[in-house]
Amino acid sequence: TGNFVWIEQMRGDNILGLLIWTYPYQDTLQLSKQALLAKRNEILRRNVPGKDPGSYMTTEKILDPLFDVNKLGNQVFYQLSGLWTVEKGFMGGPFINVTTVDHARKRIVTVDGFVFAPNQQKRNWLFQLEAIAYTLAFP
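The numbering used here puts the sequence shown at residues 1 to 139.
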């Protein structure tokens with residue numbers, strides 16, 4: 001859709017992914033941990049299919065994602081971090097999800113970074129994705 005962008009960088013067998021989506025802002029209830037997780041899973045199910053028919057990316061349920069609220073200048077950011085998996089599939093890894101409100105355009109903007117790198121250290125790649133999420137500027 002026009003409100004979803006998927007950017008990927010392949011590094012050998014490893015994948016760094018950046019997903020960006022927007023949706024209308026109505027009220028602060030949309031910014032709770034539960035609401036943000038539900039929206040993330042809805043967007044992933046609709047837009048990020050797995051390799052096998054009927055498979056799709058989702059948030060891993062075994063380990064509850066962390067939730068934090070940060071402020072950078074005058075902007076408030078809602079951050080989720082945890083693990084993603086492929087429902088009906090065999091991929092997974094860590095993710096960082098940063099959401100903020102674009103009050104001028106009355107929309108919520110989410111930047112979701114994920115890493116797929118079996119048997120590799122992922123911390124530095126997650127830091128790179130987090131830096132991108134907090135510094136992206138939107139028209």
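Backbone N, C-alpha and C define an ideal beta-carbon position, used for all residues, glycine too.
Residues 14 of the same chain have their beta carbon placed closer than 8 Å to that of residue 120, with the five preceding and five following residues left out of the count. Runs of the alpha helix (DSSP H) lying entirely within the region 25-74, each at least 4 residues long, are 33-47 in chain order. Of the candidates 113, 88, 102 and 117, the residue whose Cα lies closest to the Cα of residue 55 is 88. Ranked by how close their Cα comes to the Cα of residue 32, the residues 92, 67 and 86 have 67 in first place. Contact check between the region 29-43 and the region 99-110: three or more CB pairs, one atom from each, fall below 8 Å, which counts as touching. Its Cα nearest to that of residue 83, the residue 60 stands out among 133, 139, 60 and 46.
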